[in-house]
Structures are given as structure tokens and as C-alpha cells.
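J.: Have a look at this one.
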Amino acid sequence: MSKFEEKRKIEKLKEVIKYHRDLYHTYDKQEISDSALDALKKELVDLEKKYPEFITNDSPTQRVGGEPLKDFKKVNRESAMLSLNDVFSRDDFNDWIKRAESYLNKKIEGYYVELKMDGLAVELIYKKGVLVQGATRGDGKEGEDVTENLKTIESIPLKLKKKVDIVVRGEVFLSKKEFIKINNTQEKLGKKIYANPRNVAAGSVRQLDSKITASRRLSFFAYGMINSLTKNHKEEHKFLKSLGFLVEPNNLEVKNVEDVFKFRDRWEKEREKLNYEVDGVVVRVNDNNLFDKLGVVGKAPRGAVAYKFSPKEAITQVLDVRVQVGRTGVLTPVAVLKPVGLHGVTISHATLHNYDEIKRLGLKIGDTVIISRAGDVIPKIIKVLPEMRSGNEKEFKMPTKCPIGGSMVIKSGALYKCSDVKASLAEFLKHFVSRKTFDIRGLGRKNVVRFLKEGLIKDAADIFLLSKNDMAKLAGFGELSASNIVEEIKEKKEIDLPKFILSLGILHVGEETSYLLSKNIKTKKIMNPVYVMESIVNLSMEDLQSINDIGPVVAESIFEWWRDNNNLDFIKKLDKVGVAVKDVNVASQKLKGKTFVLTGTLSFMSRDEIKDIIRGLGGNLSSVVSSKTDYVVAGESPGSKYNKARDLSVIILNEEEFKKMIL
Ligand code: IVH
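Taking our numbering, the leading residue of the sequence shown gets -10, the next gets one more, and so forth.
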């Protein structure tokens, strides 16, 4: 993008963020989720970092909260209720510490880590231990007086255990259980369903009728006070407790950054177990003296930061929409995305299911979109942001001709299909019987396509049900060749695991990936296909992306294939017809972790046999020589790989040396 385009993007982002923030802060309404809004903010922050000259005072990165509502009495405060800067990664977090330490010119030792409650910030003023005023944050300086409403919350003490003058700040929230109860009632009454507990909490506190607030069983955790006299934040929490406040019970004093990471990572995983929503952790310099010295920059204190959990949603751009042809000729549009990190994995594709989905979303190529990945499901585009359009977006049209075989594309219900369904199935069948997969050579590519055309088989699993009689019905099929084929099919029902995986024709999954995958799943010596299915379905996207040499595109493709019911039915059918899968049970791991490249004509065995041996002994194969190559096995008239190996000082083995190595 040119600087001019990036400037325009900054403007667009500012507009869109402002619109959603106003909705959220002023009207307690939400059209997009918090993580989507966070993702937009992050994009703006990054662009403003790149072009500080484009930062304006009205940028949403420069201000807190929202405008107060018109209807409540206003509260003006001297000490503004601040906000926290967000960080999303360890690097950002370390940068925050570096900045704070260089500001203090001193190493910081000791942090207080807290769960970041997803509720509504309020301030409570006590005089001689009695609650005299409760207010929302508003824009920080000016909030709304919601005292009467806050008095209905049981965990907000009306009278403290000590007669102190004190200003306490904390979070009002609704437990998950109460939220579900409220929504159940709403549903029964045919009323609107609330999006999340935070919206209900905010809506209930900012009610002009306190009876409504009282009917929602809200809770309150204190997280701090102004003009604290304690030496550190831990003591401050202890003091708040002694006055009768509840504080979040998992908060902790930690010594170093590693412990901060541990706390954050633990709660990112375990947040679902809590009865309230948390969206990150708040990390604060524990020592109050240092915290005060660090002061405030813009809208946030320098001494604390919100280290957010990875969002369940992200913003990215649709670079293209491609069409995939399934085994049965169904066309599936797939969005090619600008790669984006989401919950620890990289997402670069999202299935669009069918053309109706594109219409429903109103999606154009080039659009900015919100993608989501909840738990272990395939990433989805959940919303298009048309406000972010530049005018260069393009309409997507389904092809009129099938990408495989060129037949006409026809519409059947919501689906688009190749009119010659068999063309794509024929391609698949040829692959399924080929030497590198089930290796049913006697059956051959021609026959298998003929069987399909003549209706003897409808899919690849039917091959294993072919009988002599079926074949004998076809013109030109001798009894002998029919019985040879049946014999061979029977023999080939048993297949090595990597070849089995390869046989399935998963997009982007070639020989090497099949092999890598087979090494990374739970196996036993002989498995039925459903066992393999269960082992692979068990792998999360994180697991797949953490397998060395399997990149995000391939991982996504594998993940999706094993979540498509058509494919799972196919595996079940292979199981039913008696296919058995053998583990490449590596008796010896002699070549474990070593990478080999083959070049030239090898005479003592075929290339495929040599490859099988290397893999069988735990080695890997690559087609390019690089500094990561351990050995190049060179036969007669080796190619350029030989020279490359010499240049990089990679060990070159002739056939004799290789034989000795594997014996
Ligand atoms: S400390 C300077 N601690 O997160 C603000 N905030 O943007 C000091 N929040 O407005 C806030 N849990 O509403 C702090 N344990 C916690 C919190 C917490 C939730 C909210 C608070 C604040 C926002 C930060």
C-alpha cells in the first residue's frame, strides 16, 4: 500500500472505530465483538506508529471511554479514571517494561497480576465509611451519578468496616450463570437476547429505574483506590478486603516477567472455568512508590498495562476468492486471506461454503472482514466491513465452466456443481489407484475410469467391492484379467499409513506431508480407517501448525478436510469395505531427523523404494539441497543438486556408501 492509501486507511479506521466505540460506550450496544474492535484499534495503532505525523487529537487512540448519557446527573472528578494501554504479545509486553524501566532508570522487581474483569468500571466514594456516591467512568473526567443503582449491588458495601474517607475503583460485572438466566427469561418473554454479560451489566447500571438494576444480580470486585497509603498494590488489595470489599481471588504478586507470562497463559486456557468473563490480565508495578513515579501518559498510567488474551476474532482482508472442486464435482468458494494470527495459529483461508454465503455476507474481493475461530472449528468470515471499502473491491462470480474437465457448471439448490460430476471423480480415482497410493496397478487408471462411467463403482471405496462377475459383464474383459484384478485389489486392501493419507487427495497434501502427518498422530500397528480418522481429527489447528515443515496453508487444508462430513463418510466406507492401515512402524530410527536429497540415476533400487527405506528409518526427504540437508545420495549422472551439495559442503554418498549406512 502506498503512503497515500495508508493515510486513507487511517481515516477509515478512525471513522469506523469511532462509530463502534460510541455505540458501545454511550448506548451499551454492539454490532461487532470486542475482539473485532480491538483488532481494528490495533491496526490503527500500528499505522499510527508507522506514520506519527497522521495522529490527530480526535483519533480514538487518543481518548478514553465515551460521552456521558444525557439523563444522569454528572459527576466531575479531579483524579480522572484512566484507562489501560493494551498489549497483545510477549514482545509488546517486554517493550512496555523496557519503556518503564528506562523512564525510572531502574530495574523493576515485582509485579501484581490481576484478571481483567470484563464489566463496567465504577468509582465509589465513601465518607467516614459510608457510601455517598457511585459513578460510572464516562469520559474519565466526567461520569454519571448512578449511586442509587449501585446501592442495589450486594457486594458493594454501603458501610465499611472502618470509618474511612476513601475513593475505591473497581468493576461491576454479571456472572455467566446470571447472564444465562436473564437471557432464558428474555427468550421466554419473546424479548431481545443480550450479546454478552458485560452489555447487560453496563445496561443495568445505567438504568434510570433502580428496580431494574436490582433485578439483575450484579457483582462487584474492587481493584484499587486513589491516594493509597499502602506500600504496594498487594497491600492495597488486602486493605480493601479488610474494609469489606471483594477482590478477584486469583490475583497474585509475582517476581518476574516469566511468572507474568505463566499467569497470563494459565488463565487464557482456564478462563472458561471462571463464572465471570475476563478478557486478559492487568499487570501493575507492585511498588506504589514506583507506580506513582511512573505517572501518566495520555490516557493511561505508565505503571500498568492490560495484557489481553488472544482474540477469538481478527480483522483481515480478502485477497481473492478461489473455487475448489470436490470429489463429487461440487464447487466450494474459498476466501484467500491476508494471513493473520488468531488464537495462536495463522489463518490464510476461510471456506465460504457456497455462493449463497457470499451473498449473505455481501462479500467482495478486497473487502475487510472479521474472521472468527471459536475453539476447534474451521475459521469463518463472520462479517464484512463495507465501511472499510476503498472502491477497488471486485464482485465475485461463480465460474460457468468446471475447473476440472471444463464441463458446464449447473446450480442445484444452494450448490454449484460440474455437470460432468464424473470428471472430477475420475481424476480422484486415478490418483487413488496410482503407484504412490493404493498401487492397484493391475486395475489401472483406464479401467477405473471405465468402471465409473459404466456405473460399476460410484466412488473409490466401491473398488474394494468389485467382483469377477461385475467385470465380466463388461465387453472385452477376460475372466483371467478379472480374477487377477480381484486378487490384486484384495491384496492391496492393506496400505501403509502415509500412502493411505496421500490417497485421500487432500488439497496441498503430498508425499512428504502425508509422511510427516503419519509420524505425528496416534497409531497402532494395524488400524482401521476410522482409527486413523479419530487420530487426525484429534489434532487441533495448533497441533498441525506446530508440526515442523507443515505451514499454515497446508495445516488449514488438513484441518478442514477432516471436518467435512462427506469426507468422513468416505473414510467410514473405506473402513466398512475392509481397508486396513499399517503404521510405518519404524523398527530402527537410524536416520531419525536426517534429511536426504536424491540425485542422478540410482541403480540398486527404484527411487520410490529408496524413499520408503529412508522414511522407514525415520529420515526425511527433500527435493532441494540447502544448508539443512544432511546427505545427498548421488547416482549416475547427478544433476545440479550435486554441485549445490558440494558448494554447501553437504555430505555426498554414492550408492555403496548409502547401502552401508542403511544396513
Ligand atoms: S486497573 C488505570 N484492574 O479495564 C486504570 N482495571 O482499560 C486502572 N479492568 O477501565 C485499572 N479489571 O474497567 C484494573 N483488575 C483490574 C481490572 C481493570 C478490569 C478494566 C477497568 C479499566 C479497564 C482498563
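The beta-carbon is built from N, C-alpha and C at its ideal position, and this holds for glycine as well.
Bear in mind that the values here come from a model prediction, so they are computed numbers and not experimental data.
1) In the DSSP assignment, find the beta strand (DSSP E) that holds Q122 and state where it starts and stops.
2) Would a C-beta distance cut-off of 7 Å place F385 and I359 closer than the cut-off?
3) Can you tell me whether Y8 is helix, strand or coil according to DSSP?
4) Find the nearest neighbour of V475 within the set T321, G433 and S616, judged by alpha-carbon distance.
5) Run through DSSP, which three-state label would R205 get?
6) When you compare only the Cα positions, how much space is there between Y405 and I393?
7) At what residues does the alpha helix (DSSP H) containing D345 begin and finish?
8) With a threshold of 16 other CB atoms inside 10 Å of the CB of Y631, please say whether the residue is buried or exposed.
9) Roughly how many angstroms separate the alpha carbons of I687 and D268, rounded to a whole number?
10) Is V310 close to chain B? Criterion is C-beta to C-beta, closer than 7 Å.
11) Quick one: what does DSSP say M106 is sitting in, helix, strand or coil?
12) Once the 5 residues before and after E0 are set aside, which same chain residues still bring their CB inside 7 Å of it?
13) Hey, out of L109, G499 and K571, whose CA is closest to V519's CA?
14) How about the segment 290 to 304 and the segment 487 to 504: do they share at least three Cβ pairs that are nearer than 8 Å?
15) Can you find at least 3 beta carbon pairs, one from the segment 546 to 557 and one from the segment 463 to 471, that sit closer than 8 Å?
16) Beta-carbon within less than 7 Å of S231's beta-carbon, same chain only, minus the 5 sequence neighbours each way: which residues are those?
17) Report buried or exposed for K211, applying the criterion of at least 16 other Cβ atoms within 10 angstroms of its Cβ.
18) Relative to the alpha-carbon of V153, which residue among L229, A184 and K105 has its alpha-carbon at the smallest distance?
19) Secondary structure at Y296, three-state DSSP: helix, strand or coil?
20) Just tell me which of G607, L463, V586 and G567 has its CA closest to the CA of L580.
21) Look at the alpha carbon of I525 and the alpha carbon of D485, and state the distance between them as a whole number of angstroms.
22) Measure the C-alpha to C-alpha separation of V575 and T512 and round it to an integer number of angstroms.
23) Ends of the beta strand (DSSP E) at I399?
24) Taking the alpha helix (DSSP H) that Q578 falls in, what are its first and last residues?
25) Return yes when the Cβ of G567 is within less than 7 Å of the Cβ of K482, no when it is not.
26) What whole-angstrom Cβ distance do T588 and K617 have, given they're in contact under 8 Å?
27) Three-state secondary structure (DSSP) at K482?
28) Please find out if some non-hydrogen atom of ligand 1 comes closer than 6 Å to the beta-carbon of L71.
29) Going by DSSP, what residue range makes up the alpha helix (DSSP H) through N556?
30) Verify whether the separation of the beta carbon atoms of A289 and R273 is less than 7 Å.
31) To the nearest angstrom, report how far apart E549 and D80 are at their CA atoms.
32) K30 bridges to which residues according to DSSP?
33) Could you tell me how far apart the beta carbons of K282 and L93 are, in whole angstroms, since I believe they sit closer than 8 Å?
34) Going by DSSP, name the residue or residues bridged to V334.
T.: Inspection of the coordinates gives the following:
1) It spans V119 to T125 - the beta strand (DSSP E) in which Q122 sits, taken as one unbroken run.
2) With a cutoff of 7 Å on beta-carbon distance, F385 and I359 are scored as not near each other.
3) In the three-state DSSP reduction, Y8 falls in the helix class (H, G or I).
4) Taking only the C-alpha atoms, the option nearest V475 is G433.
5) It is coil, neither helix nor strand.
6) Cα to Cα, Y405 sits roughly 14 Å from I393.
7) Its alpha helix (DSSP H) spans residues Y344 to L350.
8) In summary, Y631 is buried, with 16 or more beta-carbon neighbours lying within 10 Å of its beta-carbon over all protein chains present.
9) In this structure the chain extends from -10 to 652, so residue 687 is not present and cannot be described.
10) The displayed structure is made up of one protein chain only, and chain B is not part of it.
11) Here M106 sits in strand by DSSP.
12) No residues qualify anywhere along the chain.
13) When L109, G499 and K571 are compared, the shortest CA-CA separation from V519 is found for K571.
14) With the rule of 3 Cβ pairs closer than 8 Å, the segment 290 to 304 does not count as touching the segment 487 to 504.
15) The segment 463 to 471 and the segment 546 to 557 do not touch, with fewer than three beta-carbon pairs separated by less than 8 Å.
16) Result list for S231: K150, in chain order.
17) Per the sequence shown, residue 211 should be read as Ala rather than Lys. Buried is the call here.
18) Answer by Cα proximity: L229.
19) Strand.
20) Per the Cα distances, G607.
21) For I525 and D485, the distance between alpha carbons rounds to 16 Å.
22) At V575 the pLDDT is 48, less than 50, meaning the model places this residue with poor confidence; the figure from the coordinates comes in the next sentence. Rounded to the nearest angstrom, the gap between the Cα atoms of V575 and T512 is 12 Å.
23) That run of the beta strand (DSSP E) goes V398 to S401.
24) Membership of Q578 in any alpha helix (DSSP H) is not indicated, and neither H nor E is assigned to it by DSSP.
25) For K482 and G567, yes; Cβs fall inside 7 Å.
26) With 8 Å as the limit, T588 and K617 do not qualify as a contact, their Cβ atoms being about 16 Å apart.
27) In the three-state reduction of the DSSP assignment, K482 falls in the coil class.
28) Remark: the shortest separation between the CB of L71 and any heavy atom of ligand 1 falls under 6 Å.
29) Where N556 is concerned, the enclosing alpha helix (DSSP H) stretches over N554 to K565.
30) Not closer than 7 Å, so no.
31) The C-alpha of E549 lies about 31 Å from the C-alpha of D80.
32) DSSP output for K30 lists no bridge partner at all.
33) Correct: roughly 6 Å between the Cβ atoms.
34) DSSP links V334 through a beta bridge to L331.
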